[in-house]
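Numbering (the numbering used here), first residue to last: 407 to 563. Yeah, the Cβ is synthetic: ideal placement off N, Cα and C, and Gly gets one too.
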């Protein structure tokens, strides 16, 4: 039964991604410029950067500035609602190659696995930013690695 549910979820996700691709409207650079200007003129990047920046591990594949631009563009399309799937689609697949290069957005293939890779990048950075802004709502969930690690018995020394 669990396998059917999992297969159904994968199929539903695949269908949703196909529908998103079919409805995709590419953004021309002139549509993106106001978002860049507004984000650059705000103090958000400087304000959040020190809280979101990691001094360890792999470098992030997306900058905080680029994520904020993607969030801005998403809210313009949805009338104020943040949809991380749409942010992913905008940043990785709706921008011109020149704009993606300017914003240092990595290339991912336009198929389910490519989308999921881009979505993971967006989701991780978004949640890091959210944790910086609202630490009370970013407590580890019961299935997160942080929660599982803290639940392990600690070794006595």
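Please state whether DSSP places residue i in a helix, a strand or coil.
i           : result
residue 434 : coil
residue 575 : Nothing can be reported for residue 575: it is not among the residues displayed for the chain, which extend from 407 to 563.
residue 490 : helix
residue 511 : coil
residue 501 : coil
residue 567 : Because the chain in this structure spans residues 407 to 563, residue 567 falls outside the shown range and cannot be described.
residue 540 : coil
Buried or exposed: residue i, going by 16 or more other Cβ atoms within 10 Å of its Cβ?
i           : result
residue 488 : exposed
residue 457 : exposed
residue 416 : exposed
residue 500 : buried
residue 474 : buried
Rounded to the nearest angstrom, what separates residue i and residue j at their Cα positions?
i           : j           : result
residue 522 : residue 430 : 17 Å
residue 484 : residue 447 : 22 Å
residue 517 : residue 418 : 15 Å
residue 519 : residue 535 : 24 Å
residue 505 : residue 539 : 28 Å
residue 423 : residue 532 : 20 Å
residue 433 : residue 502 : 7 Å
residue 515 : residue 452 : 31 Å
residue 486 : residue 436 : 20 Å
residue 445 : residue 425 : 30 Å
residue 537 : residue 427 : 31 Å
residue 454 : residue 542 : 16 Å
Beta strand (DSSP E) runs wholly inside the segment 452-483, at least 3 long, in chain order: Entirely contained in the segment 452-483, not one beta strand (DSSP E) run reaches 3 residues.
Contact between the segment 518-533 and the segment 492-503 (3+ Cβ pairs under 8 Å): Yes: the two stretches touch, three or more of their Cβ pairs being nearer than 8 Å.
Contact the segment 464-478 vs the segment 510-518: 3+ CB pairs below 8 Å: Taking one beta carbon from each stretch, the segment 464-478 and the segment 510-518 have 3 or more pairs nearer than 8 Å; the two touch.
Inter-stretch contact at 8 Å, needing at least 3 Cβ pairs: the segment 436-454 / the segment 475-489: Yes, since at least three Cβ pairs between the segment 436-454 and the segment 475-489 fall closer than 8 Å, the two stretches touch.
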